[in-house]
Amino acid sequence: MSGIRRALIVANDEYADPGLAPLRAPNQDALALAEVLGAKDIGGFEVETRRNATAHELRVSIEDFFADSARDDLLFLHFSGHGLKSPAGELYLSASDTRADRLASTAIPAEYVSRLMLEARAQRVVLFLDCCYGGAFPRGMMVRGTRDAAVGDAFLRQKRTTTESGRVVVTASSAIEYALEGRDVVSDAELRPSIFTSAVVSGLTSGDADHDGDGWVGVRELFDYVADRVRQETPHQTPHIWVFGAQGDVLMARAKTRRIREVAVPTVLAEAMESPLAGARFGVVHELREHLMGDDLGQALTASKMLARLADDDSRLVSRAAVALLAESRLQATPPAIDFGTFELATWSEPVEVSLTGPPLACAVTVIPSHAWIHTEIADSLVMVRVYGETLGPAEGSVILTSPLGETTISCTASVQGGGATSTWPMRRVWPLADFSGPVPEPSPPRQAPAATPIEDHPNRFAGVWPRLAAGLVDGMIFYVLMGLSGALAYALFPSVFDMETGEVTDNGFAFVVTAFASVASTFLYGFLSLRKYGRTIGKAMFGLRVVEIGREQVRGINGKPAYLRALPLALPMALTGIPEQGFAFGVWCAWLACLIWMLVSDPGPRSLLDRLAETVVVRADS
């Protein structure tokens, strides 16, 4: 399973309500979390952040986040701020304009988030709540039920999740450690809301959360690590986890280095290694061979370190045997160098298989490409390598394979040819960390973010609203000309009728229908054929823009379906040309312009409504 990895981080530390105390460090922790999640060698997420947003803004952002997902996507929502509990025991998430006495209208109900999680198309959804675990009720008022908090209850609807999907909810605590005195929140001074998020950042950054040493940090592993860290800091917080429908672990990030923990070998070998008799130590070398070459990576690691010590033994017999065994266990990669030959700009080369030979410990590698245009995937004892034609000319790079038994480097060379100096990256190939049902592979290195990534991250790639609008106006002029030609042709074929008795000219009604049809057809074909063949219309070409189809590795043009979906909506207003009224052409122009502006302004980011419909994005042709 592969897909886009998207994260939305919500951090609120300032509140208009004086009864909600400012929090200590949600913003700083949110920034640190965004950095580690977006790091290409760790999380590989497309990260969006919302700091001190209003309740309405958060509702829209959260709904957009869940609604704009695909089946194979991984969604991660992190909330840092006050969590408040109503007199009815309902959990609410605070916003910057939240009023503690008006939660229903000024806060985010946890039930709202739960419903969106359940309705999301993404099969994997993870929610982290770093709340200051509030109880938003007057001191002395009884809360319905006797349980500490409504966190688990708020997400009970997730039990409807199918076994094919996974929903995970992790909270910093479920206990009520805040109360209200009137409208004033009284906090426990020992609680620090940053402990939880800081532990998440630490576990992902260091890789210490990778308990099983497989090179990946699963959400359960991350929870275990965070829970231990939080309990060490303060006994007042006990993180909780709820898992609904998930089979296996949800892979959150990869460890920078694959962690393999030593496992003790039989005690008799450790004792014999300290023997004053060279013959006994030589026998240890022979016995360690089985452990070094075995499937138990922990024992193999211990054996390799013992052999490294024996390689410096005073006895030549012992040292030579240890050195020879270590040399025999080294990783071998075939081929050691890859020439991808010549291929076109903005396309991928054919993949090349690199086979790994050696004991399991040697093959437990971490793959590190030297450049972003080198893509690797690893499964079992094979590494698949291919390269992307980013710029013209020769390209040189390498893939470094590191393991506890050493490292080896595979050199990569290629020659890129084509008609331009730069290329546009395939927009869907953005930090895809694939899940596999078999052995867990090394994650794919990240690439340029797709449309959901904030535009400020790539200001020189995505086209702004004004250039797109200007290009649309040029295309509108062309549409207008095509409409006029269509009308002239229709009336030439179906001329007006002159009434001899009244002296009036009666229009042929059929001409109106033909005019409308011809106008729609001509404008549609103009947009469709231009996008299909060149990936741009005349208007976009004039302003240096082009349309990129998300998820496709193309040189020019886009596929038929997205070209159809982009061309048809803007051609439909031309059907108004069939209205037999004076000034109808001006009405058509106004309708088309309104349609264009609405589609662009509906989403001021890099993707408009039209882009979302066609799964495309408009970029600068020279970026």
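Residue numbers for the sequence shown follow the working numbering, beginning at 425 and rising by one. A virtual CB, placed ideally from N, CA and C, is assigned to each residue, including glycine.
Rounded straight-line distance, which links the Cα of Ala512 to that of Ile802: By one-based count along the sequence shown, residue 802 stands at place 378. By one-based count along the sequence shown, residue 512 stands at place 88. Ile802 and Ala512: Cα-Cα distance of roughly 52 Å.
Span of the alpha helix (DSSP H), counted from its first residue to its last, around Val708: On the sequence shown, residue 708 is found 284 positions in, with the first residue counted as 1. Val708 -> alpha helix (DSSP H) spans 702 to 716.
Ser518 in three-state terms, based on DSSP: Looking up residue 518 in the sequence shown gives position 94. Coil, per DSSP.
Beta carbon of Ala519 nearer than 8 Å to that of Ala531: Residue mapping note: residue 519 aligns to position 95 of the sequence shown, counting from 1. Residue mapping note: residue 531 aligns to position 107 of the sequence shown, counting from 1. Yes, Cβ-Cβ distance for Ala519 and Ala531 is below 8 Å.
Contiguous beta strand (DSSP E) assignments of at least 3 residues, all confined to the segment 748 to 826: Runs found: 756 to 758, 761 to 768, 776 to 781, 790 to 793, 798 to 803, 806 to 811.
Residue interval of the alpha helix (DSSP H) (run including Ile962): Walking along the sequence shown from the start, residue 962 turns up at place 538. Start and end: 962 to 966.
Cα-Cα separation between Arg990 and Gly842, rounded to whole angstroms: On the sequence shown, residue 990 is found 566 positions in, with the first residue counted as 1. On the sequence shown, residue 842 is found 418 positions in, with the first residue counted as 1. Distance between the alpha carbons of Arg990 and Gly842: 27 Å.
Distance CB(Ala503)-CB(Leu553) smaller than 8 Å: Within the sequence shown, the letter at position 79 stands for residue 503. Within the sequence shown, the letter at position 129 stands for residue 553. Reading off the sequence, residue 503 comes out as Phe, not Ala. Phe503 places its beta carbon less than 8 Å from that of Leu553.
Heavy atom of the ligand FMN within 7 Å of Asp554 beta-carbon: You won't find the ligand FMN in this model; it holds no ligand whatsoever.
Ala912 versus Tyr950 - alpha carbon distance: Walking along the sequence shown from the start, residue 912 turns up at place 488. Walking along the sequence shown from the start, residue 950 turns up at place 526. If you take the alpha carbons of Ala912 and Tyr950, they lie about 18 Å apart.
Per-residue burial, Ser597 [other beta carbons within 10 Å of its own, 16 or more giving buried]: Locating residue 597 in the sequence shown gives position 173, where the first residue counts as 1. It is buried - the Cβ of Ser597 has at least 16 other Cβ atoms within 10 Å.
Exposed unless 16 or more other CB atoms sit within 10 angstroms - verdict on Pro986: For the purposes of this step, residue 986 is taken as the residue at position 562 of the sequence shown. Counting Cβ neighbours within 10 Å, Pro986 comes out buried, since at least 16 surround it.
Residues that DSSP places opposite Gly642 in a beta bridge: Looking up residue 642 in the sequence shown gives position 218. For Gly642, which the question treats as bridged, DSSP gives the partners Leu675.
Identity of the residue in Val641, Gly627, Arg678, Met676 nearest Ser654 by Cα: Within the sequence shown, residue 654 is the residue found at index 230, counting from 1. It is Val, not Ser, that sits at residue 654 in the sequence shown. It is Gly627.
Range covered by the alpha helix (DSSP H) that runs through Phe503: Locating residue 503 in the sequence shown gives position 79, where the first residue counts as 1. Segment 498 to 505 is the beta strand (DSSP E) holding Phe503; no alpha helix (DSSP H) there.
For Gly590, the three-state DSSP class (helix, strand or coil): Within the sequence shown, numbered from 1, the residue matching residue 590 stands at position 166. DSSP places Gly590 in strand when its eight states are reduced to three.
Three CB pairs or more closer than 8 Å across the segment 686 to 706 and the segment 811 to 819: Here the segment 686 to 706 makes no contact with the segment 811 to 819; the two share fewer than three CB pairs at distances below 8 Å.
Span separating the alpha-carbon of Trp797 from that of Arg474: To locate residue 797, count along the sequence shown from 1; it is residue 373. To locate residue 474, count along the sequence shown from 1; it is residue 50. Using only the alpha carbons, I get a separation of about 31 Å.
Cutoff 7 Å; reference Asp763; Cβ partners in own chain excluding five residues on either side: The residue you call residue 763 lines up with position 339 of the sequence shown. Contacts found: Thr837.
Backbone secondary structure at Arg568 - three-state DSSP: If you number the sequence shown from 1, residue 568 lands on position 144. Any reading at Arg568 needs caution, since the residue's pLDDT is 27, under 50, leaving its predicted position unreliable; the model's value is listed next. Coil at Arg568, not helix or strand.
Anticipated Cβ contact below 8 Å, Val726 with Gln756, distance rounded: Reading the sequence shown from its first residue, position 302 is the one you call residue 726. Reading the sequence shown from its first residue, position 332 is the one you call residue 756. Looking at the sequence provided, one finds Thr at residue 726 rather than Val. Incorrect: roughly 23 Å between the Cβ atoms, too far for contact.
Contact under 8 Å by Cβ, Val971 with Gly963: Reading the sequence shown from its first residue, position 547 is the one you call residue 971. Reading the sequence shown from its first residue, position 539 is the one you call residue 963. No.
Nearest candidate by alpha-carbon position, reference Gln661, set Leu508, Ile619, Asp636: Locating residue 661 in the sequence shown gives position 237, counting from the first residue. Relative to the Cα of Gln661, the nearest Cα in the group Leu508, Ile619, Asp636 belongs to Ile619.
Start and end residues, alpha helix (DSSP H) containing Leu540: For this step, residue 540 is matched to residue 116 along the sequence shown. 534 to 543 is the span of the alpha helix (DSSP H), which, as asked, contains Leu540.
C-beta atoms of Thr947 and Leu906 nearer than 8 Å: For the purposes of this step, residue 947 is taken as residue 523 along the sequence shown, with counting starting at 1. For the purposes of this step, residue 906 is taken as residue 482 along the sequence shown, with counting starting at 1. Yes, they are a contact pair.
8 Å Cβ cutoff met for Leu498 and Phe489: Counting from one through the sequence shown, the residue named residue 498 turns up at place 74. Counting from one through the sequence shown, the residue named residue 489 turns up at place 65. It is not a contact, given that the beta carbons lie outside the stated cut-off.
Nearest-angstrom Cα separation, counted from Met541 out to Thr629: As a first step, residue 629 is located in the sequence shown; it is residue number 205 there, counting from the start. As a first step, residue 541 is located in the sequence shown; it is residue number 117 there, counting from the start. When rounded, the distance between both Cα atoms is 27 Å.
Close-in-space but distant-in-sequence residues of the same chain around Leu432 (CB under 6 Å, 5 per side omitted): Here residue 432 is taken as the residue at index 8 of the sequence shown, counted from 1. If we look at Leu432 and ignore the five residues flanking it on each side, its Cβ neighbours are Glu472, Phe489, Leu501.
Alpha carbon of Arg678 to alpha carbon of Gly639, nearest angstrom: Indexing the sequence shown from 1 puts residue 678 at position 254. Indexing the sequence shown from 1 puts residue 639 at position 215. Taking the straight line joining both Cα atoms gives about 6 Å.
For Thr837: DSSP bridge partner residues: What you label residue 837 is simply residue 413 of the sequence shown in a count that begins at 1. According to DSSP, which records beta bridges pairwise, Thr837 is partnered with Asp763, Glu820.
Residue burial classification, Gly817 (beta-carbon count within 10 angstroms, cutoff 16): Within the sequence shown, the letter at position 393 stands for residue 817. Its Cβ having fewer than 16 others within 10 Å, Gly817 is exposed.
Check whether Ala651 and Val641 have beta carbons under 8 Å apart: Within the sequence shown, residue 651 is the residue found at index 227, counting from 1. Within the sequence shown, residue 641 is the residue found at index 217, counting from 1. Cβ atoms of Ala651 and Val641: not closer than 8 Å.
Test item: CB-CB of Gly722 and Val687 under 8 Å: Working through the sequence shown from its first residue, we reach residue 722 at position 298. Working through the sequence shown from its first residue, we reach residue 687 at position 263. Yes, they are a contact pair.
DSSP bridge partner residues for Lys509 (one or two, in chain order): On the sequence shown, residue 509 is found 85 positions in, with the first residue counted as 1. Answer is Leu515, bridged to Lys509.
Under the three-state DSSP convention, the category Leu913 falls into: The sequence position of residue 913 within the sequence shown is 489, counting from 1. The answer is helix: DSSP assigns Leu913 an H, G or I state.
Identity of the residues DSSP links to Arg956 by a beta bridge: Residue 956 sits at position 532 when you count from the first residue of the sequence shown. Arg956 is not bridged to any residue.
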